[in-house]
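Each residue of the sequence shown is one higher than the last, beginning at 15 in the working numbering.
Note that the Cβ used here is the ideal one computed from N, Cα and C, for glycine as well.
Read through the structure below, which is laid out as structure tokens, and then see the notes.
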Amino acid sequence: FETRFPAGSFKVMAQSVGYQTRVEEFSIDGKGDIVVIMQDIPPYLLIDRDGNAEYESYYKASLDALGLEYDYVDKISADDIMGYQNVILWTGFTSSEGMILDFEQTMLMDYVHSGGRLFLASQDTGYRYETLDFYERFLGAKYISDASLIKRIVGQGMKFKLNGGDSASNQMWPDVISVSETATDTAKVIFSYEGGGPAGLLNPFGHGKVVYFPFGFEGINGIQNRNKVMEFVTSALRPSLKDRLDRIQWAFQNNSRLFSLLINQFQVTESMRRELR
């Protein structure tokens, strides 16, 4: 675009859906061009809600081991989140910083409804939000009680425990849950407390999907276990060709900026050709 500035020094922030925000400093002393090159955002966004606990290292390490690129923030706007294919959010130890505020709940629901993917790993989410639509319809969970005494998790051919070893050892209050009445036809149990109820749910919502753990991923003991769990979760949330086309159609009808981004990102691969056959 073209605009006028008085002579002097300036700092400009450039933002666009699907691109990393850039801040550029420059000086104006006459007519000329300023070029700002925007970088594509990676497929994953990590949203840190654990205060200053630094549990992000557990999530980053597993994504790095899987070769998955990501951005890392502690807050984000509804416009920014839409450009990402996947969002991973955790709240860490129970604290005021771990709260998922009302506007953030709406933002996450709108994002997934558009075709986005969310992995939420959070002890005490049920304790805090058990009666909300966000919990029962969106996450597909029903809160039973606080602080599961069972710290062994099984599912998907895996068995691991919470706390101890190289884990964050912060899982004091993992929620006891079941599938909610509003999600009996949609939510699928993917992990369970050994000998107990669900410890992980996969729930379709709108055009997208949510994986919800009533415990913190950082509490899983063993880097190999965490890597295997993250590999399963990212695979379970990976969109099919139909899912991607559905999100493009949704964006065409509801969000022109997102539609332009998704069209520019869409490339037909050999695996897509096989899926179409």
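Check each candidate in the options and name the one with the smallest Cα separation from residue i.
i, options, result
"MET244", "GLU232, SER41, LEU255, SER254", "GLU232"
"LEU71", "LYS223, ALA182, PHE229", "First, the residue type needs correcting, since residue 71 is Ser and not Leu in the sequence shown. With distances taken between Cα atoms, SER71 lies closest to ALA182."
"PHE15", "VAL50, ARG36, TYR33, GLN281", "VAL50"
"ASP62", "ASP160, PHE219, TYR73, GLN185", "TYR73"
"PHE117", "SER128, ALA92, ARG252, TYR226", "ALA92"
"GLY179", "ALA197, TYR125, GLN238", "GLN238"
"ALA213", "SER41, ILE114, ASP88, GLY140", "GLY140"
"PHE107", "ILE164, SER23, SER41, ALA67", "ALA67"
"ILE95", "ASP124, GLU83, GLY81, TYR69", "ASP124"
"THR200", "ALA155, ASN241, LEU176", "ALA155"
"TRP187", "ILE158, VAL168, ILE204, PHE174", "ILE158"
"GLY81", "ASP88, PRO56, GLU284", "PRO56"
"TYR58", "ARG142, SER41, VAL247, LEU215", "VAL247"
"LYS223", "GLY129, LEU77, THR17", "GLY129"
"ALA135", "ARG261, TYR69, VAL26", "TYR69"
"ASP88", "ARG288, ASP64, SER254, ILE277", "ASP64"
"ILE164", "GLU284, PRO228, ALA197", "PRO228"
"GLY209", "ARG166, ALA197, ASN177, MET172", "ARG166"
"ILE204", "LYS173, GLU39, GLN279, LEU215", "LEU215"
"ARG297", "THR198, LYS173, PHE219", "Coverage of the chain is limited to positions 15 through 291, which leaves residue 297 absent and any answer about it impossible."
"ALA177", "PHE24, GLY230, GLY211", "Before going further, note that residue 177 is Asn rather than Ala in the sequence given. Among PHE24, GLY230, GLY211, the Cα nearest to that of ASN177 belongs to GLY230."
By the three-class DSSP mapping on this structure, what secondary structure does residue i have?
i, result
"PHE266", "helix"
"MET244", "helix"
"ALA155", "strand"
"ILE95", "helix"
"PHE15", "coil"
"ARG271", "helix"
"ARG63", "coil"
"SER249", "helix"
"ILE48", "coil"
"ILE90", "coil"
"GLN279", "helix"
"ASP147", "helix"
"ASN239", "helix"
"ALA161", "coil"
"ALA182", "coil"
Could you tell me the boundaries of the beta strand (DSSP E) in which residue i lies?
i, result
"GLU38", "36-42"
"MET121", "Per DSSP, MET121 belongs to no beta strand (DSSP E); it is in the alpha helix (DSSP H), 116-127."
"GLY169", "166-169"
"MET172", "172-175"
"VAL11", "For the chain, the structure presents residues 15 to 291; residue 11 sits outside this window and is missing."
Residue j and residue i - do their beta-carbons sit closer together than 8 Å?
i, j, result
"LEU153", "ASN217", "yes"
"GLN53", "GLN34", "yes"
"LEU146", "LEU103", "no"
"GLY32", "GLY97", "yes"
"GLN137", "GLN170", "no"
"ALA79", "ASP43", "no"
"GLU150", "SER194", "yes"
"THR120", "ILE114", "no"
"LYS175", "ASN241", "no"
"ALA265", "LEU272", "yes"
"VAL282", "LEU251", "no"
"SER162", "VAL190", "yes"
"TYR86", "LEU60", "yes"
Can you name the residues that DSSP bridges to residue i?
i, result
"SER23", "SER41"
"TYR33", "ASP54"
"TRP104", "ASP62, ALA135"
"LEU216", "LYS202, VAL225"
"ALA28", "ARG36"
"ASP85", "LEU59"
"ILE234", "LEU176"
"TYR207", "ILE167"
Quick check on the DSSP output: the alpha helix (DSSP H) that includes residue i runs from which residue to which?
i, result
"LYS74", "70-79"
"ARG142", "139-143"
At a Cβ threshold of 8 Å, is residue i touching chain D?
i, result
"GLY154", "Checking the listed chains, one finds no chain D in this structure; it contains a single protein chain."
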